[in-house]
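K.L.:
Once you know that position 14 of the sequence shown is 16 in the numbering used here, the rest is easy, because the numbers rise by one and skip nothing. Cβ coordinates follow ideal geometry from the N, Cα and C atoms, glycine included.
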Amino acid sequence: ADGAADEKLNQMLSNFEPDTKDQFTKMRDLMRQEDKSGTGKLSMAQVRKPVDSVKIAGLTPGMIKTAIERGDTDGTGDNINYEIVFSKLVNAIFESHNTKNIATA
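#1: The alpha helix (DSSP H) that contains Asn17, what's its start and end?
#2: Check whether the Cβ atoms of Gln25 and Glu36 lie closer than 8 Å to each other.
#3: May I have the straight-line CA-CA distance separating Arg50 from Phe18, to the nearest angstrom?
#4: Comparing alpha-carbon positions, which option in Asp8, Ala7, Asn83, Asn93 lies nearest Leu44?
#5: Kindly indicate the opening and closing residues of the alpha helix (DSSP H) around Leu59.
#6: Taking 7 Å as the limit between beta carbons, can you name the residues of its chain near Lys28, skipping five residues before and five after?
#7: Exposed or buried, what is Asp74 when buried is set at 16 or more other beta-carbons lying within 10 Å of its beta-carbon?
#8: At the level of alpha carbons, what is the spacing between Ala59 and Thr22?
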């Protein structure tokens, strides 16, 4: 994985509430467990299971759909790059928190 991107991801994660951060960590661990062959790719069902099994405040079906579409680099729905999905979801929550913070400031 790209070191700078990982760094940015970790920075975003460190800004979250501990509970949100824990849920994201759990999601990523579950994704990695699903990836038995170590290809970095999962089927739609394999991606959905970890995503649906965590409770992350503010995570919407739209965010999930967009993140999975971004990770589905070949458009088949069978070879989804779950690290892309994960980082897009972290990004989406990070942005939604920032938008809220700006709006309430």
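P.N.:
Answer, in terms of the structure:
#1: Run containing Asn17: none; DSSP gives neither H nor E here.
#2: Judged by beta-carbon spacing, Glu36 lies beyond the 8 Å limit of Gln25, meaning their Cβ atoms are not closer than that value.
#3: Approximately 22 Å, taken between the alpha carbons.
#4: Of Asp8, Ala7, Asn83, Asn93, the residue nearest in Cα terms is Asn83.
#5: Note on residue identity: the sequence assigns Ala, not Leu, to residue 59. Counting along the chain, Ala59 falls outside any alpha helix (DSSP H), and DSSP gives it neither H nor E.
#6: Within the same chain, Lys28 has close Cβ partners Val56.
#7: Around the beta carbon of Asp74, 16 or more other beta carbons lie within 10 angstroms, which makes this residue buried.
#8: Between the C-alpha atoms of Ala59 and Thr22 there is a straight-line separation of about 7 Å.
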